[in-house]
Amino acid sequence: MADFDPIRELDRFATALLGQRSGMRLMPIDLFREGDHYIVHADLPGIDPGSVDIDVDGQLLTIRAERTVRGREGVAWIAREREGGTFLRQLTLGQGIDTENITANYSNGVLAVTIPVSERARPRRIPVATDQGGDMKVMGHRSGDAAPQDLGERQGDQGAAGGQKSVSA
1 MADFDPIREL DRFATALLGQ RSGMRLMPID LFREGDHYIV HADLPGIDPG
51 SVDIDVDGQL LTIRAERTVR GREGVAWIAR EREGGTFLRQ LTLGQGIDTE
101 NITANYSNGV LAVTIPVSER ARPRRIPVAT DQGGDMKVMG HRSGDAAPQD
151 LGERQGDQGA AGGQKSVSA
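Numbering-wise (UniProt numbering), the sequence shown opens with residue 1 and increments by one.
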C-alpha cells in the first residue's frame, strides 16, 4: 500500500477544484558528494530534454524544466495525475565550487548535474621545509595527493554543494 501524504492530496484536490495547472512544481532530488564532485540527481520523467534550463548566477544554481501534458479529445479520464507545468529547483553553492565546469546529463527521466569542487578548496598537504646542513629538504606530498585523514580532524558540516570546511590543529 502506498504511503498517504495529506499535503500532496490536499494540493491535488485544490488543483483539481481550482484548475490551477500552471504553477511551479518542485522536483525531487538526491544530492551527494563523490570524490571531488557533488552530484545532483533530479527526477524529471516525461520532460523534453530541450526544455531543461540550468544556469548559475553567482552562487545560485537554478534548474528549470517544462512538462507539457497533451490532452486527448473524446476520452473519459479515469485518473489524470501526471501534471504539466514548470518544475524548479534552486541550490545555493558554497564558495569552494568550480562553477565554470558544471556539467549535466539527462537519461531515463533523471537529470544528473555534476558540480566540481574547485582546485583551491580540495584537501592538500602542505610541504614542510627543513634546513639540515645548508641543504633544504621538502617533506610531504604534491598538492592533491593528501587523503582526508592526512589533514587532521575536520569539524563542522560540509553542507549542500560545497559548505565551508574547518580543520583543527
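We put the beta carbon where it would ideally sit given N, CA and C, even for glycine. Bear in mind the structure is a predicted one, so any value in this text is a computation, not a measurement.
(message) Threshold first: 3 residues or longer. Then list the beta strand (DSSP E) segments lying entirely within the UniProt domain "SHSP" (20-131), N to C.
(response) If we require 3 residues or more, the beta strand (DSSP E) runs fully inside the UniProt domain "SHSP" (20-131) come out as 24-26, 29-34, 37-43, 53-57, 60-67, 85-92, 103-107 and 110-116.
(request) Indicate whether I47 and A104 have their beta-carbon atoms separated by less than 7 Å. (result) Residue mapping note: residue 47 aligns to position 47 of the sequence shown, counting from 1. Residue mapping note: residue 104 aligns to position 104 of the sequence shown, counting from 1. Contact flag unset, no.
(request) Have a look at V52 and V128 and give me their C-alpha separation to the nearest angstrom. (result) Here residue 52 is taken as the residue at index 52 of the sequence shown, counted from 1. Here residue 128 is taken as the residue at index 128 of the sequence shown, counted from 1. Spanning the two alpha carbons is a distance of roughly 49 Å.
(message) Whole angstroms are fine: how far does the CA of A42 sit from the CA of A112?
(response) What you label residue 112 is simply residue 112 of the sequence shown in a count that begins at 1. What you label residue 42 is simply residue 42 of the sequence shown in a count that begins at 1. The C-alpha of A112 lies about 7 Å from the C-alpha of A42.
(message) Does V40 pass the burial test, meaning 16 or more other C-beta atoms within 10 Å, or should it be called exposed?
(response) Along the sequence shown, read from residue 1 onward, the residue named residue 40 stands at position 40. With 16 or more Cβ atoms within 10 Å of its Cβ, V40 is classed as buried.
(message) Rounded to the nearest angstrom, what separates E66 and I126 at their Cα positions?
(response) Numbered from 1 along the sequence shown, position 66 holds the residue referred to as residue 66. Numbered from 1 along the sequence shown, position 126 holds the residue referred to as residue 126. The alpha-carbon atoms of E66 and I126 are separated by roughly 48 Å.
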